[in-house]
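If you read the sequences in order, they're chains P and L.
Per our numbering, the very first residue in the first sequence carries number 1; after that it's consecutive.
Per our numbering, the very first residue in the second sequence carries number 1001; after that it's consecutive.
A virtual CB, placed ideally from N, CA and C, is assigned to each residue, including glycine.
Values in this document were obtained by computation on a predicted structure and should not be read as measured data.
The structure under discussion appears below in the form of structure tokens.
2 protein chains.
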Amino acid sequence: MDPRDPPPTLTSIDSYLLSLTGKAGRNRIADRLAARGLRLWHMAVLAALADFGPHAQRDLCARLGVDPSDMAKVIDQLADGGHIARTRDDADRRRVLIDLTGPGRELLAELTRAAADVDRQLLAGLTAAERTRLHALLLKVFTTVRSIPD
Amino acid sequence: MDPRDPPPTLTSIDSYLLSLTGKAGRNRIADRLAARGLRLWHMAVLAALADFGPHAQRDLCARLGVDPSDMAKVIDQLADGGHIARTRDDADRRRVLIDLTGPGRELLAELTRAAADVDRQLLAGLTAAERTRLHALLLKVFTTVRSIPD
DNA sequence: ACCTATAGTGGGTCTGCACCCACTATTTTT
DNA sequence: AAAAATAGTGGGTGCAGACCCACTATAGGT
């Protein structure tokens, strides 16, 4: 018996398996981001802008579930790197409109590739069909998670 | 369009879905543990002892991948609560043998029930057959994760 | 104009996790 | 018997995440 086997009592818990595999994925992606001086929220912001177009900063917070104060810092760094553009909304000068720049789009593409790479590593043990099924199941779980309160 | 929809660029990444759903599960289980003054490692230790029998403290560290220094603190708290018994190994008096006590076994059963509860919440959107398939897939991914270096 | 509400910023806290080093007690090696 | 290795402990560090409050600037309601 391998003295490094994990306890079956734990591995029979789906939440535990999700948590561990999720952490593995998260850490790997975080590493790739860290190599570029970024963290997960930076990528999330870029993705939100790419998928849904320009946002007021506040709307980004609502969409991603981030504290406005934390978002300000993330936005700051992305702006410093030239990956997003920040402009005052002339209709409501309290608002700051955030948009992707060309370099930002490029960066996101790069990060997306890195993430796909991590997926490939993580799911190396699955056939293509299994990956498809896993993805569908995870989407369902994700929907459930989003719908139930904390 | 729901202004709270997550970016598809993110939800198409399996590692991201694993990470989010895993975090949801983790947090919920952590909450239940916190209500009893415990954290995840406490449960992991109890599970390892229940599944594999008594361990030297060092072997628990190896099995669970915890720093020996951190393990010492976890062990300390479990011993304080009367959930494990700590005895010096007479054959090698450097070693401390850790074993589950009756109350420890009870506590683990309780925690396992709580975890199953969380699973039920998280996977509420899946049919029984889907849950079975998800579990099998997660086990495979878990095996892969364990086999590849960090 | 006045009062209230909202957008964003800057500064800080607290928590959990992971890690690391120095130290004591004990055992093994030579 | 001395030296090197091992088990466990205590006391730290650094980081990331989530949160919170005070503040400025602007807008909207009356």
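Would a C-beta distance cut-off of 8 Å place P/Arg133 and L/Arg1133 closer than the cut-off?
Taking the first residue of the first sequence as 1, we reach residue 133 of chain P at position 133. Taking the first residue of the second sequence as 1, we reach residue 1133 of chain L at position 133. Yes; because the gap between Cβ atoms is below 8 Å, this pair is in contact.
Just list the alpha helix (DSSP H) runs in the stretch 1023-1096 of chain L, keeping only unbroken ones of 4 residues or longer that don't cross its boundaries, in chain order.
At a cut-off of 4 residues, the continuous stretches assigned as alpha helix (DSSP H) that sit fully inside the stretch 1023-1096 of chain L are 1040-1052, 1057-1064, 1068-1080.
Whole angstroms is fine: what's the gap from P/Gly125's alpha carbon to L/Gly1104's?
Here residue 125 of chain P refers to the residue found at position 125 of the first sequence. Here residue 1104 of chain L refers to the residue found at position 104 of the second sequence. Near 36 Å, if we compare the C-alpha coordinates of L/Gly1104 and P/Gly125.
I'd like to know if L/Gly1104 contacts chain P, where contact means its C-beta is closer than 8 Å to some C-beta of that chain.
Within the second sequence, residue 1104 of chain L is the residue found at index 104, counting from 1. No, because no Cβ of chain P sits closer than 8 Å to the Cβ of L/Gly1104.
L/Leu1138 to L/Pro1003 span [Cα, whole Å]:
Locating residue 1138 of chain L in the second sequence gives position 138, where the first residue counts as 1. Locating residue 1003 of chain L in the second sequence gives position 3, where the first residue counts as 1. L/Pro1003 has its alpha-carbon roughly 31 Å from the corresponding atom of L/Leu1138.
Exposed or buried, what is P/Arg28 when buried is set at 16 or more other beta-carbons lying within 10 Å of its beta-carbon?
As a working note, residue 28 of chain P is residue 28 in the first sequence. P/Arg28 is classed as buried because its beta carbon has at least 16 other beta carbons within 10 Å across all chains shown.
Got a sec: is the Cβ-Cβ distance from P/His42 to anything in chain L below 8 Å?
Against the first sequence, residue 42 of chain P aligns to sequence position 42. Taking Cβ atoms only, chain L never reaches closer than 8 Å to P/His42, which makes this a no.
With a 10 Å radius around its C-beta and 16 neighbouring C-beta atoms as the bar for buried, classify L/Ser1015 as buried or exposed.
For this step, residue 1015 of chain L is matched to residue 15 along the second sequence. L/Ser1015 is buried by the Cβ-count criterion.
In angstroms, rounded to a whole number, what distance separates the CA positions of P/Arg39 and P/Lys73?
As a working mapping, residue 39 of chain P is identified with position 39 in the first sequence. As a working mapping, residue 73 of chain P is identified with position 73 in the first sequence. Straight through space, the alpha carbons of P/Lys73 and P/Arg39 are spaced by roughly 12 Å.
For the alpha helix (DSSP H) containing L/Ser1147, list its first residue and its last residue.
For the purposes of this step, residue 1147 of chain L is taken as the residue at position 147 of the second sequence. Going by DSSP, L/Ser1147 is part of the alpha helix (DSSP H) stretching over 1128-1147.
Using DSSP bridges, identify the partner residues of P/Ile98.
Mapped onto the first sequence, residue 98 of chain P falls at position 98. Under DSSP, P/Ile98 forms a beta bridge with P/His55, P/Arg86.
May I ask you to report which of helix, strand or coil DSSP gives L/Gly1125?
Walking along the second sequence from the start, residue 1125 of chain L turns up at place 125. Here L/Gly1125 sits in coil by DSSP.
What does L/Leu1047 reach in chain P if we use C-beta pairs closer than 7 Å?
Taking the second sequence and counting its residues from 1, the one referred to as residue 1047 of chain L is at position 47. Inspection of the sequence shows that residue 1047 of chain L is occupied by Ala rather than by Leu. Per Cβ cutoff of 7 Å: Pro7, Thr9, Leu10.
Burial state of P/Ile98, where buried means 16 or more other Cβ atoms lie within 10 Å:
As a working mapping, residue 98 of chain P is identified with position 98 in the first sequence. Looking at its Cβ environment, which holds 16 or more other Cβ atoms inside 10 Å, P/Ile98 is buried.
Under a CB-based cut-off of 8 Å, is P/Val141 close to chain L?
The count along the first sequence starts at 1 and reaches residue 141 of chain P at position 141. At least one CB atom of chain L sits nearer than 8 Å to the CB of P/Val141.
Could you list which residues in chain L have their beta carbon closer than 7 Å to that of P/Glu130, in chain order?
Your numbering for residue 130 of chain P matches position 130 in the first sequence. Against P/Glu130, the close residues of chain L are Leu1137, in the order they occur along the chain (beta-carbon pairs closer than 7 Å).
In whole angstroms, what separates the C-alpha of P/Asp5 from that of L/Gln1057?
Position 5 of the first sequence holds residue 5 of chain P. Position 57 of the second sequence holds residue 1057 of chain L. Approximately 16 Å between the Cα atoms of the pair.
Please look up how many angstroms separate the CB atoms of P/Lys23 and L/Gly1022, rounded, as I've assumed it's under 8 Å.
Sequence index remark: in the first sequence, residue 23 of chain P carries index 23 (1-based). Sequence index remark: in the second sequence, residue 1022 of chain L carries index 22 (1-based). Contact between P/Lys23 and L/Gly1022 holds: their C-beta atoms lie close to 6 Å from each other, under 8 Å.
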